[in-house]
Ligand SMILES: NC(=O)c1ccc[n+]([C@@H]2O[C@H](COP(=O)([O-])OP(=O)(O)OC[C@H]3O[C@@H](n4cnc5c(N)ncnc54)[C@H](OP(=O)(O)O)[C@@H]3O)[C@@H](O)[C@H]2O)c1
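Residue numbers (the working numbering): 278 to 509.
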């Protein structure tokens, strides 16, 4: 795919990984809509700020109405409440699913017809190594990322005959606000953005961006005892 002639919408592009993705796409010559709950926070020269709360159906519809020429959608916006499934407030558990699963689905439903009408294109969902393995301390986030992975797989099949390639990006810790409190090695989001945008350009269906995600993917084949060796 020639990104220099593409118009891309990135959700959650005002900071973190979304901002890095938008910057990488701009450097390849793409026209970039930078979706943000508060578009005044978009500080990337050349990007077109657009108001977009992915959990608000009216906001999603307004963004689709305000565009019209989008050929690539990047579903990046995400929450991280740190909620565990047994004891956390259920509202926090629901927020994870509302954002990563229903929010991504809502934006995809709104923009897939636009991409198809423009002759096809691509959708990239920003997933995680935690789509494949759960950390119980923030089980609600992991469950939402697993649901988003399953959604990605279904929509890839459903949208293929409309000329829309649906990809998933799997990545471990990146150095953003989301994991500020985590004391572990983290990738530079600009490096992962380059890998992700290469994947879109090359028409990849699955982009596994780092060793942590590659290990999680390999462990899936080993079953529960390999994924969760801490079990008695
Ligand atoms: N950082 C990591 O280690 C890591 C690893 C794997 C996957 N990911 C995934 O990468 C994506 C980006 O995360 P990040 O690390 O960049 O996190 P971040 O720094 O916390 O940024 C999150 C972004 O999502 C936006 N957002 C949250 N809820 C939204 C909503 N309802 N509507 C629109 N925008 C919303 C935020 O907007 P506001 O500024 O308005 O809050 C912000 O722009 C997420 O999908 C995350 O799950 C992150």
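Beta carbons: idealized from backbone N, C-alpha and C, even for Gly.
- Excluding residues up to 5 positions away in sequence, 415 lie with their Cβ nearer than 7 Å to the Cβ of residue 359 in the same chain.
- Per DSSP, the continuous beta strand (DSSP E) segment holding residue 484 begins and ends at 483 to 485.
- In this structure, residue 324 lies away from residue 335, with their beta-carbon atoms at least 7 Å apart.
- Short of 7 Å from the beta carbon of residue 405, and not among the five residues preceding or following it, lie these beta carbons of its own chain, in chain order: 422, 447 and 448.
- Residue ranges of uninterrupted beta strand (DSSP E) with 3 or more members, entirely inside the stretch 301 to 357 and ordered along the chain, are 308 to 313, 325 to 328 and 349 to 352.
- Between ligand 1 and the CB of residue 403, the shortest heavy atom gap is smaller than 6 Å.
- Ranked by how close their Cα comes to the Cα of residue 428, the residues 408, 281 and 319 have 408 in first place.
- For residue 412, the CB stays at least 6 Å from every heavy atom of ligand 1.
- With the rule of 3 Cβ pairs closer than 8 Å, the stretch 465 to 484 does not count as touching the stretch 370 to 388.
- The stretch 336 to 351 makes contact with the stretch 283 to 292, as at least three CB pairs between them are under 8 Å.
- Residue 487 and residue 339 have their C-alpha atoms some 36 Å from each other.
- Pairing residue 507 with residue 412, the inter-Cα distance amounts to about 12 Å.
- Of all C-beta pairs linking the stretch 385 to 401 to the stretch 426 to 441, three or more are shorter than 8 Å, placing the two stretches in contact.
- Exposure of residue 386 is indicated by the presence of fewer than 16 other C-beta atoms within 10 angstroms of its C-beta.
- Bridge pairing for residue 508: absent [DSSP].
- Judged by the Cβ position, residue 467 fails to qualify as a neighbour of ligand 1 at the 6 Å threshold, every heavy atom of the ligand being at least this far.
- Comparing alpha carbon positions, the residue from 320, 388 and 355 closest to residue 344 is 388.
- If you check the C-beta of residue 416 against ligand 1, you find no heavy atom less than 6 Å away.
- Within 6 Å of the C-beta of residue 460 there is not a single heavy atom belonging to ligand 1.
- Not one heavy atom of ligand 1 lies closer than 6 Å to the C-beta of residue 479.
- The beta carbons of residue 485 and residue 496 sit no closer together than 7 Å.
- Counting along the chain, residue 442 sits inside the beta strand (DSSP E) bounded by residues 441 to 447.
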